[in-house]
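Peer 1:
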Amino acid sequence: MNRLRRRLSNLSTTSKQSDDGDRASIHSNLSSHREAISSFIRRSRSRSTSKEPEETASTGRRSSISGVGRRASLKIPGLRSRKGSNAQDDEEVPPVPKTRSISSSAAPEGYPASTSDSSRKGSVTKKTRGRTSSETSSSGGTKANGSAAPAVAATNTPGTPSRKGRRASADKSEKAETQQNGEAEQNGSQSYLGAATAAVAGAGAAVGGTAAAIVSKVTGTAAEEHGYQSESDDDDDVFHDADLTDIHEGDEDEEEDDEATGKKAKGRAQPQSAYHRAGPAAATSSRGPSKLKGTSGAKRRAGSDPPTGAAGAGGESPSDAKAKKEVPAEVREKSAKVSKLRFDDVTQTTERMNEDLDVARKVLDLFLNSRMIEAEEIIKQHADSRMYYALGFGLIATIKGFMTFEPQDLAIAISYCRDSMNIANLLRKQSNAVSNLGRFVRGTGHGPAAMAQMTPVQRHAELVYAESMLLKAVLGIVHSGDVFSFVAEALNMRTAYGIYRSLGKYVETADGKAGGFDKSIDEDFRSGTFLGNGLISLILGLLPSKVLKIMDVFGYTGDTKVGLDTLMRPGGWSQSPKQKKPKMDKEHEGIRRSICDMSLLLYHLVLSSFLPVTGVDVPFAERILDVHLARYPESVFFLFFSGRLYSTQALPEQAIVAFEKARKAQDEYRELQNLCHWDSSLCRMSLSQWPEAQECFSTLLDSSNWSPCVYAYGKAANTLQHDPTNKEAAATMAKVPSMMQRIAGKSIPLEKFVAKKAHQFNEQGHLLLPGIEFSYAFHCLSNAPRWSLTDEQLVAISDALTELNEIEDPSQYKGGVDAYWDDLALCHFLRGVTLRYIAHPEKHSKVKPAQPDIPVEEAEEQAILSLNAVIENGHKIHHCTQYLYFSRYELGRLYAVMGQTEKAVEYLELVLSGKQLEDKGNRSTKHKYPLQNMCLLRSNGALTTIKQA
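Just so you know, my numbering puts 579 at position 421 of the sequence shown, and the rest follows in order with no gaps.
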């Protein structure tokens, strides 16, 4: 503004030095312009008396409603509109309708008093670097009751600058293209100085408008609190997120400087902020919607802006866009309906939310007791408008999507989870864009103090929003299968993680202030907070320490023990053997308590079978299982966990019976039956029942979409294990590589492994011990009874090894030299692993027989010899390079149970070091080998177990 004034002063000095001839020419030009404008005003008045105000709408010049008045657009002949106008220079413009003056009205508190009987309106349109923004300044007042005053029509404009003068002024102010429309107050300027004065006033309007826009972006405006909304001529180009400040144009001495303009904008924003800080929000209802124009709170509450997440500020991730194309029409209609919801459509009191929670609790009981269809029919009734209905419906759809792995089911689940996010987002605590951006950068949610000021509905909305976002992120990664979706959904997972962490801090802070337990926090909210934080901490705690250190830099922390303890809190569990039942009974437990218990069972009975994790307590898992089997005797889920309990205890015969019972418990969700078929096939392989296992894999291949590649290889491998010349198995093996799938643009490691083995079979025409090798990858050997390992697996391995040792010239082997050394390494590796489990079964196994047929010392010695044989022949191995790493892992595990901790740590750290252990000179593996991630995770788990022992 000061710079504009200095230029104005220079302009004035220059004009004074002009000769009399120039002055006469200027006065002559001004007179002609005054006559033209006066003629225009007379025509306008005559037209305005004969036409209704509504007729002006047809001209395409819409009025933009501000917080204090109506900004009327007025075009002067000879000036062409820069936006959407086809009017030529000489075309007459229809007049603006007359409106009454408000000069006698008292200005509301916080607004500057009017200094004239009429106000003018100006607009400055500026184009910069190819983008156009329109900044409009308006003046006026409001009525005493807070409603907007009528628009003010300008009448006298004798000092309107010429077109040439206006362009000259624009060149002197920042070299920007400006266009000033409207009429100036009569100020007696009769010279060239009038043109410069008007330009300065327009620039002041732009500065003041920008300042007000920034303030209003954060705090909002008072007028829009009363329901007014802005319009613009071009929604793509016009900046209309905030109202602009008043500019009273007149003499140069009366113009406000930048500081005053900023104060004025701030003063106008205060009523909006004060209203919402002290708004009448009842303790039992969610707070009313924010009308802040330009804030994320306003946009999401208006239903026009998707929830803010990692996919962008209101954008959708690539997985969302892909999912929309694959869902049925009724799902798209539901999603479209939900996207148009506003706060008033979803608002609810705490009592209504508790009623919805009771319904959701009933639905969960039905679902867990294998009455899925009945539960689904109840929860979908209000899934398009109520938060917990939408969450329950989305959760059921997610379970179905992961069970079928059909692209359409995954897309439907994504759509329903997004609906749940939208509804929860409308009920969350209002926040502005600056706060949202800060929390996104920090990766956190609201602080404990802000959480404490929320209503119960708003806190539950935060929780449901995080749950829905986490589910949608996982679904999106699986469904889309590309790197871009993975990045977008990974950021969504980070957002959900930050919200969960903030919810956990709030609960801890509230409990601390209450002396240990805050009764004002309901168990439903607690159970959801503990579920999210417990699972995240548990999963992150399983990662290798090097990876966890890197993730810690970005705010991710994980601890397995903390995760387990957190998941036990909703049920009041303790791992003490003296506690047979939980402290929390069914009447007082939170709605997510059963899911927390299922997560504990998943860790102790399923995950522990694949990774040597710490804190495994099978007797504790059995106590949890007994409680829920008594509560849900027909539950396919807890009957399945019963089978996993037997499998973990090395009792595969009893496990098969339990899986069969679980399979017959329901026939509504076929994929749950397939889950039982899968685990039955693993038990069959533990018992060396190869034909029965082959039948299970054949059923899975025909009816499941989880991994056709693995199913096909499992079917062929089990067939070849007992019938090496089977032609049907050979034909199936040829199809395996073409069945591979991708998740987040990456191949699945197990599918890459079986595809490589199938390719090896297609090249060599045979595979040695394919069934037993497949059993090792899925931990069937560790869950096999001792008698089966001794009488079945070890015998088959010894026979194959004997045949290999009888071959004097490896070049005469049926698959060639490379195949010979690969098969020899495979036989020694499987022999070492089998002998290790014979000598030292897993600690949670119920060993049968109690004493092995082979002495423990002899089994240990032979196992070490076989595993070292793999390492010694490492430079000769061609395909099976992974066994160089797995052999060191198995040696580490064996030395650990033998009490030789230093050797165990040495071998495990060597695997985790990432060094290339094979030394065959003509290979360029770049430290990559099949099943590398599995080997690293197992080694990390074993090393952690040793260090924590």
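Yeah, the Cβ is synthetic: ideal placement off N, Cα and C, and Gly gets one too.
1) Can you tell which of Leu1042, Val592, Arg944, Asn941 has the C-alpha that lies nearest to the C-alpha of Cys985?
2) Could you spell out where the alpha helix (DSSP H) holding Asn863 opens and where it closes?
3) Are the CB atoms of Leu787 and Ser766 within a distance shorter than 8 Å?
4) Within a Cβ cutoff of 6 Å, which residues of the same chain sit near Gly692, ignoring the five residues on either side of it in sequence?
5) Take every Cβ of the segment 631-647, pair it with every Cβ of the segment 582-596, and state whether three or more of those distances are shorter than 8 Å.
6) Considering only C-alpha positions, which residue in the set Val771, Glu792, Leu696, Met756 is nearest to Arg781?
7) Could you tell me the alpha carbon to alpha carbon distance between Asp478 and Ser573, rounded to whole angstroms?
8) What is the residue span of the alpha helix (DSSP H) that Val764 lies within?
9) Nearest-angstrom Cα distance between Arg994 and Glu1018?
10) Going by beta-carbon coordinates alone, are Pro777 and Arg750 separated by less than 8 Å?
11) Among Gln824, Thr890, Gly662, which one has its Cα closest to the Cα of Asn920?
12) Let me know the secondary structure DSSP gives Ile1012 once reduced to three states.
13) Would you identify the three-state DSSP class for Arg828, choosing helix, strand or coil?
14) Which of the three DSSP states, helix, strand or coil, is assigned to Thr1039?
15) Assuming Phe563 is part of the alpha helix (DSSP H), what are its boundary residues?
16) Would you mind stating whether Val912 and Cys841 have Cβ atoms separated by less than 8 Å?
17) In three-state terms, what does DSSP make of Ala441?
18) Does the segment 545-553 touch the segment 813-822, meaning 3 or more C-beta pairs lie closer than 8 Å?
19) Identify the continuous alpha helix (DSSP H) that holds Glu535 and give its terminal residues.
20) Residues in the same chain with beta-carbon distance under 8 Å from Ile537, minus the five sequence neighbours each way, listed in chain order, please.
21) Lys520 by DSSP, collapsed to three states: which one?
22) With Ser805 and Asp837 assumed to form a contact (beta carbons below 8 Å), what rounded beta-carbon distance in angstroms separates them?
23) Output needed for Gly699: all residues of its chain with C-beta closer than 7 Å, excluding positions within five of it in sequence on either side, in chain order.
24) Are the beta-carbon atoms of Lys893 and Ala870 separated by less than 8 Å?
25) Pick out whichever of His998, Val764, Phe1044 has its Cα sitting closest to the Cα of Ala1054.
26) Using CA atoms only, rank isn't needed, just tell me which of Asn527, His540, Val489 is closest to Arg510.
27) Indicate the three-state DSSP secondary structure (helix, strand or coil) for Thr613 in the structure shown.
28) When you compare only the Cα positions, how much space is there between Gly408 and Gly596?
29) By the three-class DSSP mapping on this structure, what secondary structure does Thr602 have?
30) Out of curiosity, what's the CA-to-CA distance linking Leu803 and Arg500?
31) In angstroms with no decimal places, state the Cα-to-Cα distance between Thr556 and Val632.
32) Please report how far the alpha carbon of Ala1100 lies from the alpha carbon of Pro770, in whole angstroms.
33) Which residues in the same chain as Pro614 place their Cβ atom closer than 6 Å to its Cβ, once the five residues preceding and following it in sequence are excluded?
34) Cβ atoms of Leu962 and Leu982: under 8 Å apart, would you say?
Peer 2: According to the data block:
1) Leu1042
2) Element bounds for Asn863: n/a, residue is neither H nor E.
3) no
4) Gly721, Thr724, Leu725
5) no
6) Met756
7) Distance between the alpha carbons of Asp478 and Ser573: 8 Å.
8) In the DSSP annotation of this structure, Val764 is not part of any alpha helix (DSSP H), being labelled neither H nor E.
9) Approximately 6 Å between the Cα atoms of the pair.
10) no
11) Thr890
12) coil
13) helix
14) Three-state DSSP puts Thr1039 in coil, outside helix and strand.
15) Phe563 -> no alpha helix (DSSP H), and no H or E assigned at all.
16) no
17) At Ala441, the pLDDT of 39 sits below 50, so the modelled position is not reliable; the number obtained from the coordinates is stated separately. Here Ala441 sits in coil by DSSP.
18) no
19) Note, Glu535: alpha helix (DSSP H), 530-537.
20) Sequence-distant Cβ neighbours of Ile537 in its own chain, meaning closer than 8 Å and more than five residues away, are Val517, Ala518, Val521, Tyr547, Gly550, Phe551, Ile554.
21) Three-state DSSP puts Lys520 in a helix.
22) 7 Å
23) Counting only Cβ-Cβ distances below 7 Å, and skipping sequence neighbours, we find Gly716, Asp717, Thr718, Gly721.
24) yes
25) His998
26) His540
27) In the three-state reduction of the DSSP assignment, Thr613 falls in the coil class, being assigned neither a helical nor a strand state.
28) In this prediction, Gly408 scores a pLDDT of 37, lower than 50, which makes its location untrustworthy; the coordinate-derived value is nonetheless stated afterwards. In a straight line, the C-alpha of Gly408 is about 42 Å away from that of Gly596.
29) coil
30) Put simply, the backbone Cα of Leu803 is about 48 Å away from that of Arg500.
31) 10 Å
32) 5 Å
33) Thr508
34) yes
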